[in-house]
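Asker: Here you go, one structure.
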Amino acid sequence: DEAIPLFTILKEFRVLNSSFNEIQELPSSFLRNLQQLEEMYLSGNQLTRIPTGDLVKMTRLSVLFLNGNKFYALPAELGKIPSLTIIDVGSNPLRYNIHNWEFDWN
Numbered sequence: 075d076e077a078i079p080l081f082t083i084l085k086e087f088r089v090l091n092s093s094f095n096e097i098q099e100l101p102s103s104f105l106r107n108l109q110q111l112e113e114m115y116l117s118g119n120q121l122t123r124i125p126t127g128d129l130v131k132m133t134r135l136s137v138l139f140l141n142g143n144k145f146y147a148l149p150a151e152l153g154k155i156p157s158l159t160i161i162d163v164g165s166n167p168l169r170y171n172i173h174n175w176e177f178d179w180n
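Letter 18 of the sequence shown, counting from 1, is numbered 92 in our numbering, and no numbers are missing.
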């Protein structure tokens, strides 16, 4: 719990790998100062959601790994990140949601 705020003050991060840390929840302000990120790896945690308030401001984010978490749905804000070219959401209990049709590749 104490380590997460440290990430929010390191504004020049380009790559963040917080995979396999048993993270259950991210603070709503987690992405606020990480807008320079190009790659974010949050695999193998226990996340059910990611904060969406600042997600659309992450205009450089091109790689996002959310695999191996507990997501039931993906936030629509992911579709508003034009630079996002790689997203891995495998091994999540995703349920079909008409609001997530942009992510339905079947």
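For each residue, glycine too, the CB sits at the ideal point set by N, CA and C.
Predicted model, so just to flag it, every value in this text is computed and none were measured.
Using a 10 Å radius around the Cβ and a threshold of 16 neighbouring Cβ atoms, would you call N72 buried or exposed?
Answerer: There is simply no residue 72 to check, as the chain begins at 75 and stops at 180 in what is shown.
Asker: Classify L58 as helix, strand or coil using the three-state DSSP reduction.
Answerer: The question about residue 58 has no answer here: the residues shown for the chain are numbered 75 through 180.
Asker: According to DSSP, is V163 helix, strand or coil?
Answerer: V163 falls in the coil class under three-state DSSP.
Asker: So E113 is in the beta strand (DSSP E); what residue range does that whole segment cover?
Answerer: Element bounds for E113: 113–115.
Asker: Determine the DSSP secondary structure at L90, reduced to helix, strand or coil.
Answerer: In the structure shown, L90 sits in a strand (DSSP, three-state: E or B).
Asker: If we call anything under 8 Å between Cβ atoms a contact, is L121 one with E151?
Answerer: Contact: no.
Asker: How should S102 be labelled, buried or exposed, when 16 other C-beta atoms within 10 angstroms of its C-beta is the threshold for buried?
Answerer: Counting Cβ neighbours within 10 Å, S102 comes out exposed, since fewer than 16 surround it.
Asker: For F94, count neighbouring Cβ atoms within 10 angstroms of its own Cβ and tell me buried if that reaches 16, exposed if not.
Answerer: F94 comes out exposed.
Asker: F145 to E99, Cα distance in whole Å?
Answerer: Straight-line Cα distance between these residues: approximately 12 Å.
Asker: At the level of alpha carbons, what is the spacing between P125 and L105?
Answerer: Taking the straight line from one Cα to the other gives about 7 Å.
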